[in-house]
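A quick write-up on the structure given underneath.
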Amino acid sequence: RLAQGRIGRVLGLAAAPDGSRFAVAAHDGRVLVVERESGDVHEVDRSADGDASGLVFSPDSAWLAWSHPGPEPLRQLKLAHLADLSVAEATPLRFRDFDPAFTTDGKHLAFLSERAFDPIYDAHVFDLAFIGTCRPHLLTLAATTPSPFGPQRHGRATEKDKDGDEHDAPTALPVTRIDLEGLADRIVPLPVEAGSYSTLRAARDGLLWLRHPLRGVLGTTGATPDAPWPDTVLERYDLEKLRDEEIAPDVDHFEVSGDGKRLVLHTDGKLRVVPSDSRVAKSDADEDSDRSVTVDLSRIRRTLDPAAEWRQMYDEAGRIMRDNFWRADMSGVDWDGVLDRYRPVLDRIATHDDLVDLLWEVQGELGTSHAYVIPPGGWHDDTTRQGLLGADISRTDEGSWRIDRVLPSETSDPAARSPLAAPGVAVRAGDTVLAVDGQAVDPLTGPAPLLTGSAGKPVELTVSPADGGDPRHVVVVPTGDEEALRYHAWVADRRSYVHERSGGRLGYLHVPDMVGSGWAQLHRDLRVEVAREGLVVDVRENRGGHTSQLVVEKLARRIVGWDLPRGMRPSSYPQDAPRGPVVAVANEFSGSDGDIVNAAIKALGIGPVVGTRTWGGVIGIDSRYRLVDGTLVTQPKYAFWLEGYGWGVENHGVDPDIEVVQAPQDHAAGRDPQLDEAIRTALAALEETPAKTPPSLPEPRG
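Take 8 as the starting number for the sequence shown in this note's numbering and just add one per residue.
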């Protein structure tokens, strides 16, 4: 072993082409060079903003390049001259520059950079966003080397010239010469469309990268809910012919061989070796040939000692927590002592579930939120997936099964498709389900057993109408998950209740989480609800995420003007700003970023919070580490401080301004005292401070 105990946790590793040394990106922000023969470790650079990435040596092993982190999300490229370990900036810290790669001739440093600023207008709200910001770039290392895309003094070589050059090419490694002065001024973009790129690599006479389709985070914009997402494509840019081409579709990852002539493609758990300079033909993708070879991973055999593996996983989880916990002193907990105290239990566990339970107990000794242990997903049999009708169904005294309520579809959410509300089905509350695919419904078990395995597949229901007419035969497609349907129905019920209780004066919004789904839900009805006199913002059951600051930006807007176009309704300036009081509703299940949004609402004076104290877990994670068998372990790393609260939200939560407990009997009776109090509070605030309204037009000039 080289440098044992001196390099920390290795997050990135690269070997010099001549085999003399290795570069390491450590977990603590260090960039290290390890000498192969002596084992000496040299610290090249260190970051206080995260981990270095993209370590790569020049072809002559004289230089090291990497992507160096700055304040999130910025990254810059740096260069180290390994003869004296001097470090220079290759790009300024202005953008996100990543995935550097020296071209095989050693004359250029290619990299990906998010520096395209071409905004598009948001279609739902007045906003602008930058998408497709990334593009491959090329940095000419020597001041006298021309850009391959500019004019050439002696013109460009013909195909015949290139063939001759290749035949007569010397075997010596190219020497990389770098003129540091004016280096950043010699950056040129490759003539390809800006988009979403990753994994830039250099190969013979060209560059390769993955181009990703631009898509929403929820994946709901496909032609149908079940439509596959567009493929990630492997592309190659030929630096001789100055053109790009698709090498292979549907590639998850790839790497280049040491001589740049071959690629290893990884797709859906399969490995294939192909040439680096030509498109993978359909025949090559389907079967082996002299150009394409599949690596048969099924030939790998291993002997596993579960007890030994569990011991290693236990110790590894302890080390990862030690290296990443938000306080180096482990909040005063004797972490080594905790590991030693629980270690004897390893001799008594018999299953992986036992190990997971043990790790939960061990990490729980730190008394900090977000310390999770999540085993890898198991095998699922979709053929037995239960079909659901999107309805409330109950058994009558006579033994028939009656539909009490058909949940409505939410047409803006493909996951909220109501089978019984589909066109042509016309099933109503009060109808009775008599049979499924011709099999009579059992009076004791109901239709559910007959719908096993029917999710996403057409079935025929025999339905008796509530008015006593002849039975009807209807074809429906049961859903496999009613969560979205029931959630949207719950929100619609709450909104209708707020409108009714307030006489239409108050709007209602529910935000279920602080990720993409919550952002979408906020905007579904923001434009309509925010135009009412006041607003109730319900963040109960909010599962957290990272978008609370965006939500707070919307709620903190204050009207300072009006736009009054002739013949049209006035609009506020800024748009979508609350016109009157805002009241938040929280409970003990508002957690993580759901804690933070309530704390921010109070700290910014947006409005009062009604309900109960929130969950109390605001030390965040990045979910980057898995143990040897794929078990995910998380380490509370990102501590959170907020004005007015300090560090006090963790393990306490956010206290409401008006405490209202919703008891189990309230749930059972269909009462919502927290929402009732929020309505009362908002209406009382309206009496004190009326909502802002547009002014009358001025008197005509005399």
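We put the beta carbon where it would ideally sit given N, CA and C, even for glycine. All of these numbers come straight from a predicted model, not from anything done at the bench.
Practice task
Within the same chain, show all residues whose beta-carbon is closer than 6 Å to that of G19, passing over the 5 residues directly before and after it, in chain order.
Solution key: A32, S60, L62
Practice task
From the DSSP output, in three-state form, read off G171 for me.
Solution key: Only weak support is given to the placement of G171: the predicted model assigns it a pLDDT of 49, under 50, and the question is left unresolved by the model.
Handout entry: Touching by the beta-carbon criterion (3+ pairs, under 8 Å), the stretch 505-520 and the stretch 669-687
Key = yes
Practice task
Excluding the 5 residues preceding and the 5 following P421 in the sequence, name in chain order all residues of the same chain whose CB lies nearer than 6 Å to its CB.
Solution key: T227, P232
Problem - Same chain, Cβ closer than 8 Å to A123, five either side skipped, listed in chain order - result: F137, G139, T140, C141, R142, A201
Handout entry: Limits of the unbroken alpha helix (DSSP H) element including A676
Key = 671-676
Practice task
For W408, count neighbouring C-beta atoms within 10 Å of its own C-beta (all shown protein chains included) and say buried if the count is 16 or more, exposed if not.
Solution key: buried
Practice task
Can you say whether G624 is buried or exposed, counting buried as having 16 or more other CB atoms within 10 angstroms of its CB?
Solution key: buried
Practice task
Pair every Cβ in the stretch 697-707 with every Cβ in the stretch 600-619, then say whether three or more of these pairs are closer than 8 Å.
Solution key: no
Problem - Ordered list of beta strand (DSSP E) runs contained in the stretch 342-367, each at least 3 residues - result: none
Handout entry: Sequence-distant residues of its chain with Cβ nearer than 8 Å to R269 (five each side left out)
Key = V263, V280, V281, P282, S283
Practice task
Using 10 angstroms around the beta-carbon of V635, count the other beta-carbons present and answer buried if the total reaches 16, otherwise exposed.
Solution key: exposed
Practice task
Verify whether the separation of the beta carbon atoms of L693 and G587 is less than 8 Å.
Solution key: yes
Handout entry: V2 classed as buried or exposed, judged by whether at least 16 other C-beta atoms fall within 10 angstroms
Key = Residue 2 lies beyond the range of the chain shown here (8 to 709); nothing can be said about it.
Problem - Beta-carbon contacts of P581 that lie in its chain and below 7 Å, excluding the five residues immediately before and after - result: R564
Exercise for the section: Give me the Cα-Cα distance between F596 and V656, rounded to the nearest whole angstrom. Expected result: 14 Å
Exercise for the section: Would you give the residue range spanned by the alpha helix (DSSP H) that V604 belongs to? Expected result: 600-610
Exercise for the section: Can you give me the start and stop residues for the beta strand (DSSP E) that Y515 sits inside? Expected result: 513-517
Problem - Between the CA atoms of V51 and D343 - distance to the nearest angstrom - result: 31 Å
Problem - Spatial neighbours of G46 in its chain, beta-carbon cut-off 6 Å, leaving aside the 5 residues before and after - result: L9, A10
Exercise for the section: Would you decide whether E173 is buried or exposed? Buried here means 16 or more other CB atoms lie within 10 Å of its CB. Expected result: Reliability fails at E173, whose pLDDT of 48 lies under 50, so the model's placement of it is uncertain and no value is given.
Handout entry: Extent of the continuous beta strand (DSSP E) run through D257
Key = That residue, D257, is in no beta strand (DSSP E); it is neither H nor E in DSSP.
Problem - With 16 other Cβ atoms within 10 Å as the buried cut-off, status of Y632 - result: buried
Exercise for the section: Report the partner residues of F156 according to the DSSP bridge assignment. Expected result: According to DSSP, F156 bridges with nothing at all.
Handout entry: Residues of its chain near A55, where Cβ-Cβ distance is below 7 Å and the 5 sequence neighbours each way are ignored
Key = G36
Problem - Check: V522 C-beta below 7 Å from any heavy atom of the ligand SAM - result: Ligands displayed in this structure: none; no statement on the ligand SAM is therefore possible.
Exercise for the section: May I ask which residues mark the beginning and end of the alpha helix (DSSP H) holding R329? Expected result: 313-331
Handout entry: Where the beta strand (DSSP E) through E245 begins and ends
Key = Reading off the sequence shown, one finds Asp at residue 245, where the question assumed Glu. Element bounds for D245: 240-245.
Exercise for the section: Taking 8 Å as the cut-off, decide whether the C-beta atoms of G431 and G463 are in contact. Expected result: no
Exercise for the section: Excluding the 5 residues preceding and the 5 following P155 in the sequence, name in chain order all residues of the same chain whose CB lies nearer than 6 Å to its CB. Expected result: L246
Exercise for the section: Mind checking which residues open and close the beta strand (DSSP E) that includes Y379? Expected result: Here Y379 belongs to no beta strand (DSSP E), and DSSP marks it neither H nor E.
Problem - Inter-residue Cα distance where the pair is G374 and A610 - result: 26 Å
Problem - 6 Å CB neighbourhood of A23 in its chain, flanking five on each side removed - result: F64, S68
Handout entry: Outcome for L454 when other beta-carbon atoms lying within 10 angstroms are tallied against a minimum of 16
Key = In the sequence as presented, Leu is not what sits at residue 454; that position holds Pro. Classification of P454: buried, given that the 10 Å Cβ count is 16 or more.
Exercise for the section: With DSSP collapsed to three states, give me the class of S555. Expected result: helix
Handout entry: D500 - containing alpha helix (DSSP H), residue span
Key = 490-508
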